Every structure is written in C-alpha cells, then in structure tokens.
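Notes follow once the structure below has been shown.
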Ligand SMILES: Nc1ncnc2c1ncn2[C@@H]1O[C@H](COP(=O)(O)OP(=O)(O)OP(=O)(O)O)[C@@H](O)[C@H]1O
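So, in structure tokens, the structure goes:
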C-alpha cells in the first residue's frame, strides 16, 4: 500500500525574475493493495513529480510518503525494494539486449541466476517479448522499449507497482495486452498506481481515481463515487466537471 500525505514540491524559476513553479501542492491519497489507482490529469498537472516523490527520486519540500508502512525518509532502500517502477524516461540501456537489461536489474536486486532466468521467461511470455528478447535494444520501437522497462521493473516481484504513463505511444493491441497485465497484477493482490492524461484509459482500468490539476487533488474515489460527487451519470462528464475543463484529457 502506498500513502501520500500533503506532498508539496516547488522548482525554482529558471530566469532571474521568474517565480518558482509549484508543481505539487498538498497532494494526499492512498493506493491500497489489490486495487489499481489511477492519477489522472492534463499535461503539467504534477503527476510525474508526484510519482517521483513516491519512488524516492525526489524529496518533497514537505509532506510524506510511506510504502507498506515504511516512510521514504526513514528507509528509502527498503521502500525501493518494495517498489517496481516504470519511470517517465524509460532508460533502457541501448547496448544491452532486452534480456540483459532485465538480468542487470535482477542482479542488482540479488536474485539467483535460476530465479532470474525463470522470472525472465515468465515476464517475456506474459508481455509477449520473445521475438525481441535477445536483440540489442538500440533501435527498439517505443512499445518494445516500454515492455523491456516494465519487465525490468518487475523482475524482483515487487508488491507495489508505479507506472508513469505506461501506454504512451503504444498501439491498440499492445495497450490491450498491458491493460490485461495490470488487471492480473491487481488480482494477484499488488498495489498498482499509474498515471495517464487519457480519461478513457483510467475509466477502463481503475478501481480508484485521483484527479490532479494544477498540482492539486481535485477529487478522489471509485468511478461510482466520482460520478456521484459530480452529479453526472457518465464518467467522462464527471471528470470534466471535477477538473473544471476538458482540455488535455483526451488521447
Ligand atoms: N525539474 C523541473 N524543473 C522545473 N520545473 C519542473 C521540473 N519538473 C516539473 N516541472 C514543472 O512542474 C509542473 C508539473 O510537471 P509534471 O511533469 O509533474 O506534470 P505531469 O502531470 O506529469 O505532466 P505530463 O502529462 O505533461 O507529463 C510543470 O509545470 C512542469 O513544468
């Protein structure tokens, strides 16, 4: 389970007279185990910055994050071990094959060769990676890179999963496969958090939705709760009403 409490993050203005950018402003939410939690918001809403604080890449100016009850400030190493992360920059090593990319992360997590090969076989089959698993990743398509980065993130079977815009740039079939995969992880009891600016995506997948705009949580709840909150029977209309605009929320 991941709990974010009152997160705030500002960045200094780049120019001499530029005001600081408030990227995340008092963001709180809980992502329970066995559920898919979606962070939905338009470009620049603060989703990536929030996620970076969840997975310890950035330190909040204030507020806190805990993963399975461990505070990121107290034991960031334990938090990282409990997390599988697909960052916004996928960061796949070009000189390595997909298999070597996954193996490298497995080694960093201290898996034995036998555990690792078994896990790579499982992940490659689930994510349909067999035909490019042993190719050098230089020249991979966006989908192949994303799949490699996902497999790498999950090699140590983490309980909590954070995916930043996982379906960005993926074709329809790959997106369908990935949705099925996220549901399977949820059904196996994992805590799954992902971000998206696409309403339909979040509506199709999420048990809980956190709507973020201008660095703030505008609403949080199950799809039914959000419909009720906005007094709308259609989830898309509810999103638009809760966010105050439909700008930037479509594919
Ligand atoms: N390192 C940084 N330095 C300065 N400003 C930043 C930095 N990172 C993010 N920001 C600013 O913080 C705000 C939130 O950005 P963030 O990337 O978190 O949004 P997002 O919701 O993930 O957007 P997108 O959907 O476009 O990826 C934006 O105004 C962005 O320009």
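In my numbering, the protein residues as written are 28 to 278.
From the three backbone atoms N, C-alpha and C, an ideal C-beta is built for every residue, glycine too.
These numbers were taken from a predicted model, which means no experiment stands behind them.
- At least one heavy atom of ligand 1 falls within 6 Å of the beta-carbon of residue 74.
- When beta bridges are read from the DSSP output, residue 62 appears opposite 218.
- Of the residues assessed, residue 203 falls on the exposed side of the cut-off, its CB having fewer than 16 other CB atoms within 10 angstroms.
- Cβ-Cβ distances below 7 Å link residue 126 to 147, 160 and 161 in the same chain, with the five nearest sequence neighbours on each side left out; the list follows chain order.
- Here the alpha carbons of residue 244 and residue 78 stand approximately 14 Å from one another.
- In the three-state reduction of the DSSP assignment, residue 186 falls in the coil class, being assigned neither a helical nor a strand state.
- In the structure shown, residue 245 adopts extended strand secondary structure according to DSSP, grouped into three states.
- Using a C-beta cut-off of 8 Å, the segment 92-99 makes no contact with the segment 205-215, since fewer than three inter-stretch Cβ pairs fall below that distance.
- It is roughly 34 Å from the alpha-carbon of residue 72 to the alpha-carbon of residue 123.
- Residue 29 and residue 218 do touch by the CB rule: their CB atoms are close to 6 Å apart, below 8 Å.
- CA-CA distance, residue 44 to residue 174, rounds to 42 Å.
- Beta-bridge partners assigned by DSSP to residue 31: 56 and 92.
- In summary, residue 47 is exposed, with fewer than 16 beta-carbon neighbours lying within 10 Å of its beta-carbon over all protein chains present.
- Residue 154: not part of any alpha helix (DSSP H); DSSP gives it neither H nor E.
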